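Asks: Okay, handing you the structure first.
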Amino acid sequence: DAGVIQSPRHEVTEMGQEVTLRCKPISGHDYLFWYRQTMMRGLELLIYFNNNVPIDDSGMPEDRFSAKMPNASFSTLKIQPSEPRDSAVYFCASSLDRGWGETQYFGPGTRLLVL
Amino acid sequence: AQTVTQSQPEMSVQEAETVTLSCTYDTSESDYYLFWYKQPPSRQMILVIRQEAYKQQNATENRFSVNFQKAAKSFSLKISDSQLGDAAMYFCAYRTSGGSNYKLTFGKGTLLTVNP
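First to last, the protein sequences are chains Z and C.
Numbering follows the numbering used here, with no gaps: position 107 of the first sequence is 107.
Each number in the numbering used here comes from the position in the second sequence (counting from 1) with 1000 added on.
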């Protein structure tokens, strides 16, 4: 299995620009998660989907952030407009729906720098 | 809300020695899962080991084992025969039970250095 795939791996943009991060979960996985990692706040869950439906978006910082999952093999996290404080590593993870203890498998992350 | 605390921001160990990383958590639930993830410099998050709260037996994966003390809400990770490749940031994580809440709550991490 190829694992969770994220693109791009690195993104540098200027404040005010739109940023789109992409994720392909492991085939057959029912759940998809978006996390953000910063030095100040550590790893925090932004949103997660079950069978392409958003279940909990309480971690999304503000209206500038939006996430979609149009099908079982693709999800996007969009920031519009981007701000320097959005600089972080963004991880996508996926898991099977075998119960609440199922392991989440992480992608390699996208390192975002907003200048 | 659940919280996860890793009280050791940094640890170091000599190659081939044993090291224990600490983790405590706060919850009112009786059923839950606990995880240790490793994040090497590549930034990839890699599952090391997991423990089901309803199991009294401590989980073991090769050189990695946990000491799960449910009453004390403690979940430490022991790495035996440490190798240079074990150098990484280690995160303890908690996952609640029931319903459709699959959220992982992470500690701040412990940076492990392995000295040759």
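All residues carry an ideal CB built from backbone N, CA and C; glycine is no exception.
These figures come from a predicted structure and were not determined experimentally.
Any idea if Z:V53 is buried or exposed, counting beta-carbon neighbours within 10 angstroms, 16 or more meaning buried?
Replies: Working through the first sequence from its first residue, we reach residue 53 of chain Z at position 53. With fewer than 16 other Cβ atoms within 10 Å, it is exposed.
Asks: Which bits of chain Z does C:G1109 rub up against, with CB to CB less than 9 Å?
Replies: Within the second sequence, numbered from 1, the residue matching residue 1109 of chain C stands at position 109. Under the 9 Å cutoff, chain Z gives G42, L43.
Asks: What residues of chain Z sit near C:L1021, judged by a beta carbon separation below 7 Å?
Replies: Numbered from its first residue, the second sequence carries residue 1021 of chain C at position 21. Within 7 Å Cβ-Cβ: nothing; C:L1021 doesn't reach chain Z, min ~16 Å.
Asks: Sorted by chain position, which residues of the same chain lie with C-beta nearer than 7 Å to C:A1088's C-beta, five sequence neighbours on each side aside?
Replies: Start at 1 with the first residue of the second sequence, and residue 1088 of chain C comes out as number 88. Apart from the 5 residues on each side of it in sequence, C:A1088 sits with its Cβ closer than 7 Å to the Cβ of K1038, Q1039, P1040, L1112 in its chain, given in chain order.
Asks: Of all the CB atoms in chain Z, is at least one closer than 9 Å to the CB of C:F1075?
Replies: As a first step, residue 1075 of chain C is located in the second sequence; it is residue number 75 there, counting from the start. False, the Cβ-Cβ gap to chain Z never drops below 9 Å.
Asks: By Cβ distance below 6 Å, which residues in the same chain neighbour Z:G16 in space, the five residues on each side in sequence not counted?
Replies: Position 16 of the first sequence holds residue 16 of chain Z. The residues are P81.
Asks: So Z:V12 contacts chain C; which residues on that side make the cut at Cβ distance below 8 Å?
Replies: For the purposes of this step, residue 12 of chain Z is taken as residue 12 along the first sequence, with counting starting at 1. Here the premise fails: no neighbours, minimum Cβ distance about 16 Å.
Asks: If you measure between the beta carbons of C:Q1008 and C:S1082, is that distance less than 9 Å?
Replies: Here the question's residue 1008 of chain C lines up with position 8 in the second sequence. Here the question's residue 1082 of chain C lines up with position 82 in the second sequence. No, they are not a contact pair.
Asks: Under 8 Å from any heavy atom of the ligand NAP, does the C-beta of Z:P8 make it?
Replies: Questions concerning the ligand NAP fall outside what the structure shown contains, since it holds no ligand whatsoever.
Asks: If you reduce the DSSP assignment to three classes, tell me which class C:G1085 lands in.
Replies: Here residue 1085 of chain C is taken as the residue at index 85 of the second sequence, counted from 1. Here C:G1085 sits in helix by DSSP.
Asks: Counting only Cβ pairs nearer than 9 Å, list the residues of chain C close to Z:P54.
Replies: Taking the first sequence and counting its residues from 1, the one referred to as residue 54 of chain Z is at position 54. The premise fails here: Z:P54 is roughly 12 Å from chain C at the closest Cβ pair, so nothing lies under 9 Å.
Asks: Note the first and the last residue of the continuous beta strand (DSSP E) segment covering Z:N71.
Replies: Mapped onto the first sequence, residue 71 of chain Z falls at position 71. From DSSP, the beta strand (DSSP E) with Z:N71 extends over 65-71.
Asks: So which residues of chain C does Z:V89 contact, with C-beta pairs closer than 9 Å?
Replies: Mapped onto the first sequence, residue 89 of chain Z falls at position 89. Result: R1043.
Asks: Can you list, in chain order, the residues of its chain with a C-beta nearer than 7 Å to that of Z:D86? Leave out the 5 residues immediately preceding and following it.
Replies: Your numbering for residue 86 of chain Z matches position 86 in the first sequence. Excluding sequence neighbours, Z:D86 sits near I79, L112, V114.
Asks: Measuring straight from C-alpha to C-alpha, what distance separates Z:C92 and Z:Q37?
Replies: Start at 1 with the first residue of the first sequence, and residue 92 of chain Z comes out as number 92. Start at 1 with the first residue of the first sequence, and residue 37 of chain Z comes out as number 37. A straight line joining the alpha-carbon of Z:C92 with that of Z:Q37 spans about 11 Å.
Asks: So is Z:G107 buried or exposed if we call it buried at 16+ other beta carbons inside 10 Å?
Replies: Locating residue 107 of chain Z in the first sequence gives position 107, counting from the first residue. It counts as buried.
Asks: Name the chain C residues that come within less than 8 Å of Z:F106, Cβ to Cβ?
Replies: Indexing the first sequence from 1 puts residue 106 of chain Z at position 106. In chain order: Y1037, Q1044, M1045, I1046.
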